[in-house]
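Numbering (the numbering used here), first residue to last: 1155 to 1509.
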Ligand SMILES: CC(C)(COP(=O)(O)OP(=O)(O)OC[C@H]1O[C@@H](n2cnc3c(N)ncnc32)[C@H](O)[C@@H]1OP(=O)(O)O)[C@@H](O)C(=O)NCCC(=O)NCCS
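And the structure:
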């Protein structure tokens, strides 16, 4: 049994925050951000993460030609859930009207979308369910420490979803490797973002981002390279068997180092970091969906998806795409209108934190 990818959709909030916008309130520049990260702009959400996820799911269902009542499982990968109880997947279920679906949230930080893909695929392969929506979504802007230039320039908001279905054909995830450098978990940490801060002197949600950028950089390359080698080995594949690499997009220089380490030619590597920055759990799935939409994914091709994130978790999946690479239909569901610019939304967040 396989778990074929039959539908795909993404939802990027419309408000854009450029590098020049960031330079209006941080000591930074377009030149620094572009040369050190490859990022030019990112999106800032005017709605909660569940709403971004819901729109992405409607689009994935339309692309698959399916209805909400066809969905047996929703796996929501994120680290910025609206609430911990009730979970976020149950909100997506309600918004979709997918009342036959079991609902679960998965948090492995930036790899959450990919761990969710593994979770749903495994549950389909083992016969627990026959179909699933997999979500990678993040609304990170409300928890961002906008005064800290080390991290504020790196992140953005967004969502993507895949619709999976049981299939006898060899397609979907063929193999993956998952892991975690737990001993290094403190080098990518956000203080104030979790229940251990509740009812303490520090207010829950007032975050302090403590990142060791260069250490994370090295671990990211090592984790993704190790994951890719292990997954290729499981399939007895070489780099030449991969048609397209869609990596987590945290830094263009991390992606370049990974490509060099794995001897991958740059024309095989999909990049969209310049448009969205790092959307954490949404990043790899948004990139995958965009690669499909832009015609970079051919029928029956093999795609390698390496990712890493807080924990420090890492993953690497090989997906075999099916025969159909175009959407069956498009959804007309959209986000409510956003009347503010990305900069105005961020200024509101800064004011609220001060207040
Ligand atoms: C964060 C990152 C872009 C920094 O790049 P780098 O080349 O390692 O830069 P450094 O940390 O050495 O900083 C170089 C200088 O730029 C400064 N700097 C840092 N952020 C800056 C910014 N936004 N604008 C301008 N200058 C900045 C530093 O203070 C330092 O100044 P100094 O030389 O006077 O001390 C890079 O390390 C990275 O991408 N790391 C991983 C990021 C991450 O954790 N992503 C999330 C994981 S999913």
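Don't be surprised by glycine CBs; every beta carbon is placed ideally from N, CA and C.
Computed from a predicted model, the values in this text were never measured in an experiment.
> Straight-line CA distance for residue 1503 to residue 1300?
Replying inline: 8 angstroms
>> Is residue 1304 close to ligand 1? I mean its beta-carbon at under 6 angstroms from any heavy atom of the ligand.
In response: yes
>> I'd like the span of the alpha helix (DSSP H) that includes residue 1393, first residue to last.
In response: It is not in any alpha helix (DSSP H) - residue 1393 carries neither H nor E in the DSSP assignment.
>> For ligand 1, is there any heavy atom lying closer than 6 angstroms to the beta carbon of residue 1190?
In response: yes
> Which residue from 1478, 1375, 1459 and 1424 puts its Cα closest to that of residue 1096?
Replying inline: Because the chain spans 1155 through 1509 in this model, residue 1096 falls outside it and cannot be assessed.
> At a cut of 8 angstroms, does the stretch 1282 to 1291 reach the stretch 1317 to 1327 through at least three beta carbon pairs?
Replying inline: yes
>> Please list the terminal residues of the continuous beta strand (DSSP E) segment that includes residue 1362.
In response: 1362 to 1365
>> Taking DSSP's pairing of strands, which residues face residue 1428 in a bridge?
In response: Answer is none; residue 1428 lacks a bridge partner.
> Can you tell me where the beta strand (DSSP E) with residue 1285 in it begins and where it stops?
Replying inline: 1285 to 1292
> Are the beta-carbon atoms belonging to residue 1479 and residue 1451 less than 7 angstroms from one another?
Replying inline: yes
>> Within the continuous alpha helix (DSSP H) that includes residue 1244, where are the two ends?
In response: 1242 to 1250
> If you compare alpha carbons, which of 1366, 1312, 1347 and 1351 is closest to residue 1338?
Replying inline: 1366
> Considering residue 1230, what are the terminal residues of the alpha helix (DSSP H) in which it resides?
Replying inline: First-last for residue 1230: 1227 to 1231, but that is the beta strand (DSSP E), not the alpha helix (DSSP H).
> What's the gap between the Cα of residue 1334 and the Cα of residue 1469?
Replying inline: 9 angstroms
> Any heavy atom of ligand 1 closer than 6 angstroms to the CB of residue 1186?
Replying inline: yes
> Are the beta-carbon atoms belonging to residue 1397 and residue 1455 less than 7 angstroms from one another?
Replying inline: yes
> residue 1370: beta carbon under 6 angstroms from a heavy atom of ligand 1?
Replying inline: yes
> Which residues bound the alpha helix (DSSP H) around residue 1159?
Replying inline: No alpha helix (DSSP H) contains residue 1159, which is instead part of the beta strand (DSSP E) from 1156 to 1165.
> So, using beta-carbon positions, are residue 1399 and residue 1423 closer together than 7 angstroms?
Replying inline: yes
> Can the beta-carbon of residue 1165 be found less than 7 angstroms from the beta-carbon of residue 1225?
Replying inline: no
>> Could you check whether residue 1363 and residue 1302 sit closer than 7 angstroms to each other, using their CB atoms as the reference points?
In response: yes
> When DSSP labels each residue in this structure, what does residue 1464 get in the three-state scheme?
Replying inline: helix
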